[in-house]
Amino acid sequence: MRNVGLIRSSASYVAQEYYCLGKTVAESEALEYAKSSEFSNITVCPSIIIGPPLQPTMNASSLFLLTLLKGGIESLENKARPVVDVRDVAEALLLAYEKPEAKGRYICTSYVLRMQDLVNKLKSLYPNYNYPKSFTAIEEDVKMSSEKLQNLGWKYRPLDETIVDAVKRYEESGFLSKD
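Put into structure tokens, the structure is as follows:
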């Protein structure tokens, strides 16, 4: 494994960073293996996945929106976050599998939203939840593009549809009480 040094030099990583590092190393190894074998490798790399969950338990992606809706957060860093609907990720995976011209790596993201903009969008759709009260300015720029995936024919759904369907499912599953 070529990335052992990277892992060993990362002693200060926190758990979330190790998760991301693990994903990066796995992708790198798969791409290297594909170069030296008869196998082809197509990678679809989604951003933060949101939307209606199928599973009966809460996962980290669902917590991203649910935490904003349930409240209890006084202040939040106004970071830019790339998001994509879970159903759009499924369609991207299928598209990459079915298209013979698909090759290499595909970024799968629909929107890059600042947290304050996302909260404002949630408030406009669901005004009765307890949202963060203030936001701390963060100067960062997230540049991600799904242009390569869109060139294969991938389309993503409107943000409002993703949010409405997710909240409806949270309510149906008992993760969120109707307000």
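Numbering-wise, my numbering comes out as the position in the sequence shown, counting from 1, plus 81.
Don't be surprised by glycine CBs; every beta carbon is placed ideally from N, CA and C.
Taking 9 Å as the threshold (C-beta atoms), are residue j and residue i in contact?
i	j	result
R250	P127	no
S121	K184	yes
I219	N159	yes
M196	R168	no
K151	N232	no
List the DSSP bridge partners of residue i.
i	result
S215	S156
V165	I130
I123	G185
Taking Cβ positions only, does residue i come closer than 9 Å to chain C?
i	result
A183	Included in the structure is just one protein chain, with no chain C present.
When the Cα of residue i is compared with those of the options, which residue comes out closest?
i	options	result
L157	A171, S215, A173, M139	S215
E252	W235, P137, K204	P137
L175	L230, M139, A141, T217	L230
S254	A115, E110, Y99, M139	M139
T217	D198, K204, K104	D198
A141	V223, K202, N209, Y100	Y100
Terminal residues of the continuous alpha helix (DSSP H) containing residue i?
i	result
L194	First-last for L194: 192-195, but that is the beta strand (DSSP E), not the alpha helix (DSSP H).
V261	The question about residue 261 has no answer here: the residues shown for the chain are numbered 82 through 260.
L147	141-151
N232	228-232
If contacts are defined as beta-carbon pairs under 8 Å, then residue i and residue j qualify, I think. What distance do you get, rounded to the angstrom?
i	j	result
L206	D241	7 Å
Y187	A177	6 Å
V164	S191	6 Å
P213	I154	4 Å
V200	L149	6 Å
A173	V125	5 Å
I123	F145	Not quite, the Cβ-Cβ distance comes to about 26 Å (not below 8 Å), so this is no contact.
S227	W235	7 Å
Y237	D166	7 Å
In terms of residue numbering, what span does the beta strand (DSSP E) encompassing residue i cover?
i	result
R186	185-189
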